[in-house]
Amino acid sequence: MSPSPGRQRRLLVINPNTSGSITERVQQAIQAESPPDVWTEAVTARFGPPYIGDPCGYAVAAHATLESWVRHSNQHALGPDGIVIACFGDPGLLALRELASCPVTGLAEAALAQAAGFGRCAILTGGRAWKPMLERLLPELAHADRVQGIETVELSGAQIHADPQAAEAVLLQACQRIERQWPVDSLILGGAGLAGMAARLQGRLQLRLVDSVAAAAHQVWLAPPSLGRGAPPWLLQPSPRNS
């Protein structure tokens, strides 16, 4: 979808987590990284975990992503010009790309695309469960062959988001270890809860850091065209709500 001359491009950020504070931080980060002609709006999943951290929550998040898009579509006559799925696992990415009529990307896809321009890369994120989850996801994404390894810290993305100052030392140590031991050209800090951490750490590292949230703000406009088939009837039915 191409915006009309003279009007702003509308970027929809879908947070598959149910945490409103995550939505607010990611929206602000993406807006700050977006071109001046981009206006960002955001929606939060109505069901699922506050922060996705295991395979069960990830599976539910794909449904929540699609429901969020349908809900937004029902409330706005004019669809967005681009969509970012604000989770590093990109839940629902391929399905939403078939349904929406605009470019769609997720944090992992966007970060890999940016890191590929630097050569070999590694991934660092929060929560031990994310390593095997990402290992299953990567074969579906372009540039996965550039990834030399995945590292996690004990802190979950939610804990990093809640106390970024305390998490900074933990992430810095992990970054320094990867910088010493891994033959990579860049390191992706993946996850909505890690938004802004790359900028805070970059001055203390030689290794180039890639912020997955910032990458999405730029890469969404380069994402593959969507098919725009629209939502199937069953997806238009009322969805579960949090009590």
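Oh and the sequence shown: position 122 is 116 in my numbering, straight run, nothing missing. Just so you know, even glycine gets a beta-carbon here, dropped at the ideal spot from N, CA and C.
Just mark residue i as buried or exposed, buried being the case when its beta carbon has 16 or more other beta carbons within 10 Å.
| i | result |
| --- | --- |
| H57 | buried |
| N68 | exposed |
| C169 | buried |
| R140 | buried |
| W228 | exposed |
| L88 | exposed |
| G76 | buried |
Which class does residue i belong to by DSSP, given the choice of helix, strand or coil?
| i | result |
| --- | --- |
| S13 | coil |
| D75 | coil |
| R202 | strand |
| C96 | coil |
| V178 | coil |
| L229 | helix |
| L6 | strand |
| L221 | coil |
Roughly how far, in whole angstroms, is the beta-carbon of residue i from the beta-carbon of residue j, given that I think they are within contact range, below 8 Å?
| i | j | result |
| --- | --- | --- |
| L131 | A102 | 7 Å |
| A107 | H137 | 6 Å |
| L181 | C96 | So it is not a contact: roughly 30 Å between Cβ atoms. |
| A105 | A209 | 5 Å |
| A217 | T99 | 4 Å |
Relative to the ligand PLP, is the shortest distance from any of its heavy atoms to the C-beta of residue i smaller than 7 Å?
| i | result |
| --- | --- |
| K125 | This structure lacks the ligand PLP, and indeed carries no ligand of any kind. |
Inside the segment 23 to 86 only - alpha helix (DSSP H) runs reaching at least 4 residues: Whole alpha helix (DSSP H) segments, 4+ residues: 49 to 69.
Which ranges would you report for the beta strand (DSSP E) in the segment 116 to 151 if only whole runs of at least 3 residues count? Listed in chain order, the beta strand (DSSP E) runs fully inside the segment 116 to 151 are 141 to 147, counting runs of at least 3 residues.
Do the segment 144 to 163 and the segment 41 to 56 make contact, defined as three or more Cβ pairs closer than 8 Å? By the Cβ criterion, the segment 144 to 163 is in contact with the segment 41 to 56, since at least three pairs of Cβ atoms, one from each stretch, lie closer than 8 Å.
Meets three-Cβ-pair contact criterion under 8 Å: the segment 19 to 32 and the segment 188 to 199: Result yes; three or more Cβ-Cβ pairs closer than 8 Å.
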